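For the sequence shown, full-length UniProt numbering begins at 1 and goes up steadily by one.
Heads up, the beta-carbon is just placed ideally off N, CA and C, and yes, glycines get one too.
These numbers come from a predicted model, not from an experiment.
See structure below.
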Amino acid sequence: MIKKLIVTDIDGTLLDSTSNIPQSAIKALAYAKENGAYFTLASGRTLNGVMPLVDTFKITCPLILANGAIVYDIKNQKTIFKKLIDKKTAKQLANIIKSENAFFYFYDEGSVYATEIRYAIAYYDKMNKLGKTNLPIHLVEDLEAASQKHDAIKFVIHEDDLSTIAYLRKIFEPIEQKLEISSSAPWNIEITAAKLSKGSGVIELAKYLGVDMQNVMCIGDELNDLSMLKVAGFAVAMGNANEELKKVAHFITDDNNNDGFAKAIYKFMEK
Numbered sequence: 001m002i003k004k005l006i007v008t009d010i011d012g013t014l015l016d017s018t019s020n021i022p023q024s025a026i027k028a029l030a031y032a033k034e035n036g037a038y039f040t041l042a043s044g045r046t047l048n049g050v051m052p053l054v055d056t057f058k059i060t061c062p063l064i065l066a067n068g069a070i071v072y073d074i075k076n077q078k079t080i081f082k083k084l085i086d087k088k089t090a091k092q093l094a095n096i097i098k099s100e101n102a103f104f105y106f107y108d109e110g111s112v113y114a115t116e117i118r119y120a121i122a123y124y125d126k127m128n129k130l131g132k133t134n135l136p137i138h139l140v141e142d143l144e145a146a147s148q149k150h151d152a153i154k155f156v157i158h159e160d161d162l163s164t165i166a167y168l169r170k171i172f173e174p175i176e177q178k179l180e181i182s183s184s185a186p187w188n189i190e191i192t193a194a195k196l197s198k199g200s201g202v203i204e205l206a207k208y209l210g211v212d213m214q215n216v217m218c219i220g221d222e223l224n225d226l227s228m229l230k231v232a233g234f235a236v237a238m239g240n241a242n243e244e245l246k247k248v249a250h251f252i253t254d255d256n257n258n259d260g261f262a263k264a265i266y267k268f269m270e271k
């Protein structure tokens with residue numbers, strides 16, 4: 001039997017617009033597993049942030065976390081791959097963001113660090129909707145100092161003004177060779193160490209499992225999913241996806257409120 005691997009984004013892909021899991025997705029994944037396919041998540045979050053979904057779907061396949069900065073074997077509870085933002089770069093990054101008075105926070109493997117309570121509130125509001133409240137947030141006075149005490153895996157910037165987001169992307173040019181910059185929504189910027197992405201995580205995972213990339217399906221909706229669609233043998237863009245994903249997709253499925261995820265699974269399993 002040919003080994004197949006299904007890798008999915010979470011928000012806007014696996015979940016509908018109310019952050020619920022459609023029954024069609026549960027049935028489609030059960031069908032895929034019964035027919036020998038591996039299934040896993042590729043998320044911008046770290047392990048604690050995805051555990052409720054891991055439990056719901058009884059995922060035993062390694063997970064791609066923090067936009068590819070971590071590949072974690074959940075079954076054997078060991079890290080297969082991990083790359084941090086080095087301390088010097090983290091300090092430079094924090095300084096640049098602070099100088100622009102932008103709002104940001106960063107992750108280490110088990111926590112989020114933020115300076116303002118409104119970020120904690122906003123984060124927990126979102127996590128409550130998704131049933132993912134396992135990731136603690138620490139309020140600190142100085143994120144630059146915190147980034148030197150803790151191992152930063154990912155920085156996240158949030159701004160409601162989209163023109164500000166576009167401007168902030170440009171200010172990282174002096175250190176962009178040390179960074180990988182993406183986004184999971186129009187109003188944020190996600191930053192990891194260079195040459196890391198969901199795509200690089202998929203490649204690492206496929207090697208680990210012994211699955212040919214031609215037999216890998218990746219499905220997503222936002223720009224931080226673009227890299228994994230580019231490396232997949234079967235790249236699927238959701239109907240609600242960013243247009244950049246639709247340009248590279250082999251298949252454009254329905255949107256996340258109309259069983260788009262499930263339809264893509266059946267399409268892949270028929271191949």
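| Item | Value |
| --- | --- |
| According to DSSP, is Thr133 part of a helix, a strand, or is it coil? | Confidence at Thr133 is low in this model, with a pLDDT of 49, below 50, so the placement of that residue should be treated as unreliable; the coordinate-derived value is given next. Note: Thr133 maps to coil in three-state DSSP. |
| With a Cβ-Cβ cutoff of 7 Å, do Val202 and Ile219 count as a contact? | no |
| Using three-state DSSP, classify Val236 as helix, strand or coil. | strand |
| One question on the structure: do Val54 and Ile64 come within less than 7 Å of each other, judged by their Cβ atoms? | no |
| Taking the straight line between their C-alpha atoms, what separation do you get for Ala28 and His158? | 34 Å |
| If you drop the 5 nearest sequence neighbours on each side, which residues of the same chain put their C-beta closer than 7 Å to that of residue 273? | Lying outside 1 to 271, the shown extent of the chain, residue 273 is not represented and no answer is given. |
| Would you kindly report the start and end of the unbroken beta strand (DSSP E) that includes Asn48? | Counting along the chain, Asn48 falls outside any beta strand (DSSP E), though it belongs to the alpha helix (DSSP H) covering Leu47 to Phe57. |
| So what does DSSP say about Glu100, is it helix, strand or coil? | coil |
| Alpha carbon to alpha carbon, how far is Asp151 from Phe39? | 29 Å |
| Who are the Cβ neighbours of Pro136 in its own chain at under 6 Å, not counting the five residues just before and after it? | Ser111 |
| Comparing alpha-carbon positions, which option in Lys271, Ala194, Met269 and Gly233 lies nearest Thr89? | Ala194 |
| Based on Cα-Cα distance, which residue from Ser17, Lys58, Thr46 and Thr8 lies nearest to Ala30? | Lys58 |
| I'd like to check one pair, Ser183 with Ile189: are the Cβ atoms closer than 7 Å? | yes |
| For residue 273, does the three-state DSSP call read helix, strand or coil? | The shown model of the chain, from 1 to 271, leaves out residue 273, and the question about it has no answer. |
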